[in-house]
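Reviewing the structure listed below.
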Amino acid sequence: MTTFVEKIDQSKNNPRDPRNQEVVLPDFDPQGSNLATPINSSKLAKAIVNNFSAYRQGLSPMRRGIEVGLAHGYWQLGPFFKFNPLRYSELGAVTALLSDIGLVVISAAVIVIYAATNPPPAIATLTVPNPPDTFASTKGWNTYATGFLIGGVGGAVIAYLIVANVDVFQNSLRLIGL
Numbered sequence: 001m002t003t004f005v006e007k008i009d010q011s012k013n014n015p016r017d018p019r020n021q022e023v024v025l026p027d028f029d030p031q032g033s034n035l036a037t038p039i040n041s042s043k044l045a046k047a048i049v050n051n052f053s054a055y056r057q058g059l060s061p062m063r064r065g066i067e068v069g070l071a072h073g074y075w076q077l078g079p080f081f082k083f084n085p086l087r088y089s090e091l092g093a094v095t096a097l098l099s100d101i102g103l104v105v106i107s108a109a110v111i112v113i114y115a116a117t118n119p120p121p122a123i124a125t126l127t128v129p130n131p132p133d134t135f136a137s138t139k140g141w142n143t144y145a146t147g148f149l150i151g152g153v154g155g156a157v158i159a160y161l162i163v164a165n166v167d168v169f170q171n172s173l174r175l176i177g178l
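The numbering of the sequence shown is UniProt numbering, which starts it at 1 and goes up by one.
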């Protein structure tokens, strides 16, 4: 009868034992810092990341910016609505909307400032092997920033309309019996 320690010692020479397999390998260049791990090299992670609007193939820079801006403008309203100092007054929702739009404008301005620095093009990685060339030029970044601004303001207004009219939605649900 072998002990637990002896079984572990014997498994060191077994290549089929999962504890003896390397799970972190260098990606393209062993001198680089990009490593292929079970998380970033899985098919699920690649599918999710490559479906983000920043990496999806076939989108124009304006469309990319609108999609990202809509998402950010929409979800940013919640914290402004919940935590602003006027949240219990009649102007609470309007204050949240204006704060959200202000943050979207600031973010778009930061993207334009970044574009002015002539950033390097996106690098191919294990997770994103074919990065789009949208972010390879200053013009692409500026078009993206324009789309971000339009989408961000639109997302903020949509979220505001939903939050400001919650009572209307509740009453309409009561009318149909839900």
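Backbone N, C-alpha and C fix where the C-beta goes; we use that ideal spot for every residue, glycine too.
Please read these numbers as outputs of a predicted model, since none were measured by experiment.
inquiry  = I'd like to confirm the pairing. Which residues does DSSP put opposite L98 in its beta bridges?
reply    = None; L98 has no bridge partner.
ask   = Applying the criterion that 16 or more other CB atoms from any shown protein chain within 10 Å of the CB defines a buried residue, is P120 buried or exposed?
value = exposed
query = Around the C-beta of I113, are 16 or more other C-beta atoms found within 10 angstroms, so that it is buried, or is it exposed?
reply = exposed
ask   = Nearest to L102 by alpha carbon, out of P132, A115, G69?
value = Reading the sequence as shown, one finds Gly at residue 102 and not Leu. Among P132, A115, G69, the Cα nearest to that of G102 belongs to G69.
task = Within 10 angstroms of the Cβ of T143, are there 16 or more other Cβ atoms? Answer buried if so, exposed if not.
result = buried
request  = With I66 as the anchor, note down where its alpha helix (DSSP H) starts and where it stops.
outcome  = 61–83
request  = Starting from the Cα of M62, find the closest Cα among F148, A47, I106 and give me that residue.
outcome  = F148
key: Short Cβ contact (9 Å threshold) for Q76 with A156   = yes
query = Is it true that the stretch 125–142 meets the stretch 89–102, where meeting means three or more beta-carbon pairs spaced less than 8 Å apart?
reply = no
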